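Student:
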Amino acid sequence: MEWKKAVNYTIVFLFFVNAVLFGLNMYKKIDVTVGQSRQNGIVALLGKDNITLGCDLPAKYSPMAYIATESFTFDPLKLRDLFFADSSKVIRTDDKNKIIFAYNEDVLTIDKSDVKYVKKSDKPITDMETAKSVANEYVSNINSLFGKYDYACSYATKDGIKLCYYEKVNGYGFFNNYFTVGFNKDGSQEINFSYRTVVKQNGSKKDILASDEAVFAVINPIKDNRKAGKSIIQDVSLGYYDKDILADDDSILPYYKIVADGNTYFVNARTGRVD
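Residue numbers for the sequence shown follow our numbering, beginning at 43 and rising by one.
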């Protein structure tokens, strides 16, 4: 009889332990999620400074590790052929560290890990659906050469429309590996992109700030930079960023990227510092 009681007590004890662990696990999941009540709270706080939250906030803020990258060398001739239909008419100029290809008013500039292409068009693209279709074609062509840029966000600017793409690492955008397409009101199109090879993830994962805390950190910078009496936050994304990407650094930190009134702010997801 005593051994039966011992078995029963053991079963009850194990059930209790499992229940506690389940509860702690559920609490942890809830604790790393920005729910509706928290989002309502930051919206109310922003409203006091005439700032509107015009996008969704990243809900999860699970612990994240560092990542490491190394430089990537573009093939200038492949990029030239990608952006110019008839390469025989393109003029090449080498200026210090830059390689410049030009035909008429269209110019492709390769500056180490940064590339810029400006195309003069006759007819402006003003609707988002058409803009995204054209931008997706650019991205598809680039992805056939290197990397894998994914669509992240789009918003209106004072010049027209801007679409942003980033390569993802561990499910998060790597903001230094960006591809942006701007469709300007004057009919011109401007493409900017940069790329580095991600080589590894460093160290153990550590806690990060929640997205509403990151938004709170940029309230004063938004107020300082705005031209009008009100502002709108157009995008809030969580990923990785290195403000000094050309330096040798194998510890690229988690950051929030926040776009407000067309201006971009990067918030260190560990410290809350705005860069």
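Ideal Cβ positions, reconstructed from N, Cα and C, are used throughout, including at glycine. Everything numeric in this text was worked out from a predicted model, so none of it was measured.
#1: Measure the alpha-carbon distance for VAL257 versus GLY314 and round it to whole angstroms.
#2: Check the Cβ-Cβ distances between CYS97 and every residue of chain C, and say whether any is below 8 Å.
#3: Classify LYS162 as buried or exposed, calling it buried when 16 or more other Cβ atoms lie within 10 Å of its own Cβ.
#4: So, do the region 145 to 153 and the region 123 to 134 have three or more beta carbon pairs nearer to each other than 8 Å?
#5: I'd like the span of the beta strand (DSSP E) that includes PHE125, first residue to last.
#6: Under 8 Å by Cβ, that's how I've got GLY96 and ILE275 pegged, so tell me the actual separation to the nearest angstrom.
#7: Have a look at the DSSP bridge pairing and note the partners of LEU280.
#8: Could you check whether SER246 and SER155 sit closer than 8 Å to each other, using their CB atoms as the reference points?
#9: Give the C-beta separation of GLU112 and VAL278 to the nearest angstrom, bearing in mind that I take them to be a contact with Cβ-Cβ under 8 Å.
#10: Which residues share a DSSP beta bridge with ILE152?
#11: Run the CB neighbour count on LEU187, radius 10 Å, all protein chains shown included, and call it buried at 16 or more, exposed below.
#12: Pull up the DSSP beta-bridge partners for LEU205, would you.
#13: Near ALA144, what residues of its chain come up, given a Cβ to Cβ distance below 6 Å and the 5 sequence neighbours on each side ignored?
Tutor: In this structure, then:
#1: Their Cα atoms are separated by approximately 10 Å.
#2: Given the protein chain composition of this structure (a single chain), no chain C is represented.
#3: exposed
#4: yes
#5: DSSP places PHE125 outside any beta strand (DSSP E); the residue lies instead in the alpha helix (DSSP H), whose first and last residues are 118 to 125.
#6: 6 Å
#7: TYR298.
#8: no
#9: Wrong, their Cβ atoms sit about 29 Å apart, outside the cutoff.
#10: Residue pairing by DSSP places ILE152 opposite ILE141, VAL157 in a beta bridge.
#11: exposed
#12: SER196, VAL223
#13: ILE133
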